[in-house]
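Asks: Would you mind keeping the following structure in view while I ask a few things?
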Ligand code: PXP
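Numbering (our numbering), first residue to last: 55 to 299.
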């Protein structure tokens with residue numbers, strides 16, 4: 055039997071509340087109100103991605119959230135100097151470094167820690183100096199996990215997109231890749247997070263990976279919120295993650 059950690063945490067990504075607002079360049083729905091609702095539902099942290107193209111979250115959202123929410127703010131960000139400047143000013147409790155391409159619909163694939171090493175080292179150092187816990191969003195690949203530890207990251211967030219998109223035997227293989235990466239990362243002293251494409255059904259097998267301490271989930275929760283409200287959508291996911299505790 056797998057022994058699960060006492061409390062696996064839920065980070066709620068509210069980017070798509072801003073997506074709806076930006077569709078009209080209007081004032082509603084309020085990203086802050088969404089964050090507070092998510093907190094009420096049991097979110098352990100609030101995640102937003104300040105993209106270089108500002109397609110959803112805006113700089114002002116990040117400033118406002120950092121001042122007004124109660125749980126830690128987790129800023130997803132590329133290592134571009136412009137975004138780093140915002141992050142160093144805001145000093146969120148956590149930052150998750152992600153790759154970013156202009157044309158993508160959402161983050162595709164994890165960071166290649168070998169190709170942008172210089173920028174990563176400098177971003178990690180600058181963020182750590184401001185006491186920001188830095189995680190690196192990577193695919194479940196052994197060399198990437200080892201490199202994350204060498205770079206001195208606080209955590210890795212394992213990209214679960216391939217798992218979420220797979221089915222049958224392929225999905226089982228993806229779980230094994232995640233399990234292996236999580237175990238290796240934990241042995242190397244990294245905290246293990248996971249996210250991307252997770253929903254109310256496919257999360258279950260990952261709950262059995264005891265090294266995963268935090269899940270970051272956005273699209274499925276915001277989608278469900280349309281029908282049941284955000285606080286309830288979050289509390290339903292939280293209940294799944296904590297096993298009803
Ligand atoms: N974690 C990271 C690093 C992401 O880039 C995203 C998407 O913004 C998520 C988690 C959440 O993914 P989803 O919206 O598919 O739940």
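C-beta: ideal position from N, C-alpha, C; glycine also.
How far does the alpha helix (DSSP H) with residue 197 in it extend, from its first residue to its last?
Replies: As a working note, residue 197 is residue 143 in the chain shown. Going by DSSP, residue 197 is part of the alpha helix (DSSP H) stretching over 196-204.
Asks: From 80, 117, 249, pick the residue whose C-alpha is nearest to that of residue 192; which is it?
Replies: Counted from its first residue, the chain shown places residue 192 at position 138. Answer by Cα proximity: 249.
Asks: Three or more C-beta pairs closer than 8 Å, one from the stretch 215-227 and one from the stretch 176-187: is that the case here?
Replies: No: fewer than three Cβ pairs fall under 8 Å.
Asks: Spatial neighbours of residue 164 within its chain, please: C-beta separation below 6 Å, excluding the five flanking residues on both sides.
Replies: If you number the chain shown from 1, residue 164 lands on position 110. For residue 164, where only same-chain residues beyond five positions count, the Cβ hits under 6 Å are 191, 192, 193, 213.
Asks: If we ignore side chains and look at the alpha-carbon of each, how far apart do residue 146 and residue 121 end up?
Replies: As a first step, residue 146 is located in the chain shown; it is residue number 92 there, counting from the start. As a first step, residue 121 is located in the chain shown; it is residue number 67 there, counting from the start. When rounded, the distance between both Cα atoms is 10 Å.
Asks: Would you mind reading off the limits of the alpha helix (DSSP H) that contains residue 109?
Replies: Here residue 109 refers to the residue found at position 55 of the chain shown. Residue 109: not part of any alpha helix (DSSP H); DSSP gives it neither H nor E.
Asks: Closer than 7 Å: is that where the CB of residue 99 sits relative to any heavy atom of the ligand PXP?
Replies: What you label residue 99 is simply residue 45 of the chain shown in a count that begins at 1. No, the beta carbon of residue 99 sits no closer than 7 Å to any heavy atom of the ligand PXP.
Asks: Give the range of the beta strand (DSSP E) segment to which residue 210 is assigned.
Replies: For this step, residue 210 is matched to residue 156 along the chain shown. Taken as a continuous stretch (DSSP letters only), the beta strand (DSSP E) holding residue 210 covers 209-213.
Asks: Shorter than 8 Å from the beta carbon of residue 287 to some beta carbon of chain B?
Replies: The structure shown has no chain B; it contains just one protein chain.
Asks: For the candidate residues 80, 69, 98, 265, whose alpha-carbon lies nearest to that of residue 292?
Replies: Stepping through the chain shown from its first residue, residue 292 is reached at position 238. Each of 80, 69, 98, 265 was checked against the Cα of residue 292, and the nearest Cα belongs to 98.
Asks: From which residue to which residue does the beta strand (DSSP E) around residue 246 run?
Replies: Sequence index remark: in the chain shown, residue 246 carries index 192 (1-based). Counting along the chain, the beta strand (DSSP E) containing residue 246 begins and ends at 245-249.
Asks: Give the DSSP-derived three-state secondary structure of residue 119 in the structure shown.
Replies: Walking along the chain shown from the start, residue 119 turns up at place 65. Residue state, collapsed to three classes: helix.
Asks: According to DSSP, is residue 168 part of a helix, a strand, or is it coil?
Replies: Counting from one through the chain shown, the residue named residue 168 turns up at place 114. If DSSP states are grouped into helix, strand and coil, residue 168 belongs with coil.
Asks: Per DSSP, what are the beta-bridge partners of residue 192 in this structure?
Replies: Position 138 of the chain shown, counted from the first residue, corresponds to residue 192. Looking at the DSSP assignment, residue 192 forms a beta bridge with 212.
Asks: When you compare each of 222, 177, 243, 174 to residue 200 by their alpha carbons, which one comes out closest?
Replies: Mapped onto the chain shown, residue 200 falls at position 146. Comparing Cα-Cα distances from residue 200 to each of 222, 177, 243, 174, the minimum goes to 243.
Asks: Tell me whether residue 188, by its Cβ, gets closer than 7 Å to a heavy atom of the ligand PXP.
Replies: Stepping through the chain shown from its first residue, residue 188 is reached at position 134. No, the beta carbon of residue 188 sits no closer than 7 Å to any heavy atom of the ligand PXP.
Asks: Apart from the five residues just before and just after residue 86, which ones in its own chain have a Cβ nearer than 7 Å to its Cβ?
Replies: Translated into positions along the chain shown, residue 86 becomes position 32. Answer for residue 86: 118, 119, 122, listed in chain order.
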